[in-house]
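Colleague:
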Amino acid sequence: MSSGSESRSDAPSLLETRGLVKEFGGLVATDDVSIDVKRGERVSVIGPNGAGKSTLINLITRRLDPTAGDIVFKGDSIVNLKPHQVVQRGISKSFQTASIFPDLTVMENAEIAALAAENGEFGFNFLTHRDKLTSVHELAENTLESVGLLSRAGTTAADLPYGDKRRLEIGIALAAEPDLLLMDEPTAGMSPEETQATVDLIEEVKEELGLTFVLVEHDMEIVFSVSDRIVVLNRGRVIAEGTPDEIRGNPDVQEAYLGGVEL
Ligand SMILES: Nc1ncnc2c1ncn2[C@@H]1O[C@H](COP(=O)(O)OP(=O)(O)OP(=O)(O)O)[C@@H](O)[C@H]1O
Ligand SMILES: [Mg+2]
């Protein structure tokens, strides 16, 4: 188990963004953002609506091209890679509803995710890779077990309740066996019960898998309970960075993020 931030500060970076800029026309959505995520660290990115949080995530997954700057993962620049290549390098993003195939079963969804991670999206020839299929099935099974969906393996994904769908999305992200899991507002649109189940799942992922993650989340209770470190964005810029305690007491953050309301 990694413990304490002292040991982490010397650890090599898993992910670094360097001077990342993204402009949409005249709007600077991401403005010179440099963040550094160590292996095993859980980092949350917070900030008001339009602060540039999703843009930052989409730059890291390479769904958006930066206007300037670099993204370094495991020591190599990934700025010229395609989204599926980034997945193969070890970065998964959860909570894209589009990642579920509604007409396929829960198990088939998990298997496709495992296959895609090993072989690139749909670039796989089943006939020449038969021996791999067993391990893909095992990986899918383990993944479903870890998100509590093994008992629903045969259910058509479209028939899952909303909360289970979200768990399947996490499962799909985990089936890729990522080194880094990115989550953008995982509890958006959830009932209080589903939110709690998702927070429990994030805690499990944190404790049992020891996974490094970057979480974008508006719910401060969740942010403070799961994060080692918090990065605060406002108008595309990093305005503060620190432990939950440091951020809680930071007046700039309170001003920018909550208009002066106590965190
Ligand atoms: N594809 C796009 N084209 C043009 N402008 C965009 C695009 N995507 C985002 N923006 C703008 O960039 C800014 C940052 O948006 P972004 O979605 O990253 O914010 P956010 O912090 O994720 O906000 P929220 O908390 O509402 O999800 C906003 O002003 C937004 O309108
Ligand atoms: Mg967003």
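Those letters in the sequence shown? Residues 102 to 364, per our numbering, in order.
C-beta: ideal position from N, C-alpha, C; glycine also.
No experiment lies behind these values; they were computed from the predicted model shown.
So does LYS194 have its beta carbon nearer than 7 Å to some heavy atom of ligand 2?
Modeller: In the sequence shown, counting from the first residue as 1, residue 194 sits at position 93. False, no ligand heavy atom lies under 7 Å from that Cβ.
Colleague: With C-beta atoms as the reference, is ILE201 less than 8 Å away from VAL317?
Modeller: Here residue 201 corresponds to residue number 100 of the sequence shown, with the count starting at 1. Here residue 317 corresponds to residue number 216 of the sequence shown, with the count starting at 1. No, they are not a contact pair.
Colleague: Tell me whether the beta-carbon of THR365 lies closer than 8 Å to the beta-carbon of GLY176.
Modeller: The requested residue 365 is not part of the displayed model; the chain covers only 102 to 364.
Colleague: Alpha carbon to alpha carbon, how far is ALA357 from VAL306? Give it in angstroms, no decimals.
Modeller: Residue mapping note: residue 306 aligns to position 205 of the sequence shown, counting from 1. Residue mapping note: residue 357 aligns to position 256 of the sequence shown, counting from 1. Distance between the alpha carbons of VAL306 and ALA357 is about 31 Å.
Colleague: Confirm the yes/no value for this check: CB of ASP285, any heavy atom of ligand 2, distance under 7 Å.
Modeller: Reading the sequence shown from its first residue, position 184 is the one you call residue 285. At least one heavy atom of ligand 2 is nearer than 7 Å to the Cβ of ASP285, so yes.
Colleague: Mind reading off the beta-carbon distance from THR118 to ILE136? Whole number of angstroms is fine, and I expect it under 8 Å.
Modeller: Position 17 of the sequence shown, counting from 1, holds the residue named residue 118. Position 35 of the sequence shown, counting from 1, holds the residue named residue 136. Rounded, the Cβ-Cβ distance is 5 Å, consistent with contact.
Colleague: Please return the same chain residues whose Cβ sits closer than 7 Å to the Cβ of LYS123, not counting the five positions on each side in sequence.
Modeller: Taking the sequence shown and counting its residues from 1, one reaches residue 123 at position 22. Counting only Cβ-Cβ distances below 7 Å, and skipping sequence neighbours, we find ALA130, THR131, THR156, LEU160, LEU165, PRO167 and THR168.
Colleague: May I ask which residues mark the beginning and end of the alpha helix (DSSP H) holding ILE323?
Modeller: For the purposes of this step, residue 323 is taken as residue 222 along the sequence shown, with counting starting at 1. Segment 321-327, the alpha helix (DSSP H) holding ILE323.
Colleague: Do you know how far the Cα of PRO149 is from the Cα of GLN355?
Modeller: Within the sequence shown, the letter at position 254 stands for residue 355. Within the sequence shown, the letter at position 48 stands for residue 149. Roughly 11 Å separates the two Cα atoms.
Colleague: Which residues end up in the neighbourhood of ligand 1 when you take C-beta atoms closer than 5 Å to any of its heavy atoms?
Modeller: My final list is PHE125, ALA130, ASN150, GLY151, ALA152, GLY153, LYS154, SER155 and THR156.
Colleague: Let me confirm a value: PRO203 is counted as buried when at least 16 other C-beta atoms fall within 10 Å, else exposed. Which label applies?
Modeller: In the sequence shown, the residue the question calls residue 203 occupies position 102. Label assigned to PRO203: exposed.
Colleague: Note down, in chain order, each residue of its chain lying with its Cβ closer than 6 Å to the Cβ of LYS298, except the 5 sequence neighbours on either side.
Modeller: Sequence index remark: in the sequence shown, residue 298 carries index 197 (1-based). Residue identity differs from the one stated: residue 298 is Ala in this sequence, not Lys. Excluding positions up to five away in sequence, the list reads GLY264.
Colleague: So for GLY120, helix, strand or coil by DSSP?
Modeller: By 1-based counting over the sequence shown, the position of residue 120 is 19. GLY120 falls in the strand class under three-state DSSP.
Colleague: Spell out the partners DSSP gives GLY343 in its beta bridges.
Modeller: As a position in the sequence shown, residue 343 is number 242, starting the count at 1. Note: GLY343 sits in a beta bridge opposite ILE331.
Colleague: Measure from the alpha carbon of ILE331 to the alpha carbon of each residue in ALA341, GLU322 and GLY337, then state which is nearest.
Modeller: Position 230 of the sequence shown holds residue 331. Considering only alpha carbons, the answer is ALA341.
Colleague: Give me the Cα-Cα distance between VAL188 and VAL173, rounded to the nearest whole angstrom.
Modeller: The sequence position of residue 188 within the sequence shown is 87, counting from 1. The sequence position of residue 173 within the sequence shown is 72, counting from 1. Each residue's alpha carbon lies about 14 Å from the other.
Colleague: Taking the alpha carbon of ASN335 as the reference point, which residue from GLN186, ILE271, GLY153 and LEU115 has its own alpha carbon closest?
Modeller: Working through the sequence shown from its first residue, we reach residue 335 at position 234. The residue with the shortest Cα to Cα distance from ASN335 is GLY153.
Colleague: Which residues mark the beginning and the end of the beta strand (DSSP E) in which ILE147 is found?
Modeller: In the sequence shown, residue 147 corresponds to position 46, counting from 1. Per DSSP, ILE147 belongs to the beta strand (DSSP E) from 143-147.
Colleague: Indicate the three-state DSSP secondary structure (helix, strand or coil) for THR229 in the structure shown.
Modeller: Here the question's residue 229 lines up with position 128 in the sequence shown. Note that THR229 has pLDDT 48, beneath the 50 cutoff, so the model's placement of it is unreliable and the number below is only indicative. Reduced to three states, the DSSP call for THR229 is helix.
Colleague: Using 10 angstroms around the beta-carbon of GLU246, count the other beta-carbons present and answer buried if the total reaches 16, otherwise exposed.
Modeller: The residue labelled residue 246 in the question sits at position 145 within the sequence shown. Counting Cβ neighbours within 10 Å, GLU246 comes out exposed, since fewer than 16 surround it.
Colleague: Which same chain residues, not among the five before or five after ILE303, have their C-beta less than 6 Å away from its C-beta?
Modeller: Position 202 of the sequence shown, counted from the first residue, corresponds to residue 303. Excluding sequence neighbours, ILE303 sits near VAL327.
Colleague: From this set, ARG338, PHE325, ARG349 and GLU308, which residue's C-alpha is nearest VAL144's C-alpha?
Modeller: Residue mapping note: residue 144 aligns to position 43 of the sequence shown, counting from 1. The candidate whose alpha carbon is nearest that of VAL144 is PHE325.
Colleague: Along the chain, where does the alpha helix (DSSP H) that runs through THR299 open and close?
Modeller: Here residue 299 refers to the residue found at position 198 of the sequence shown. Its alpha helix (DSSP H) spans residues 293-305.
Colleague: Measuring straight from C-alpha to C-alpha, what distance separates PRO287 and ALA277?
Modeller: Here residue 287 refers to the residue found at position 186 when the sequence shown is read from its first residue. Here residue 277 refers to the residue found at position 176 when the sequence shown is read from its first residue. PRO287 and ALA277: Cα-Cα distance of roughly 18 Å.
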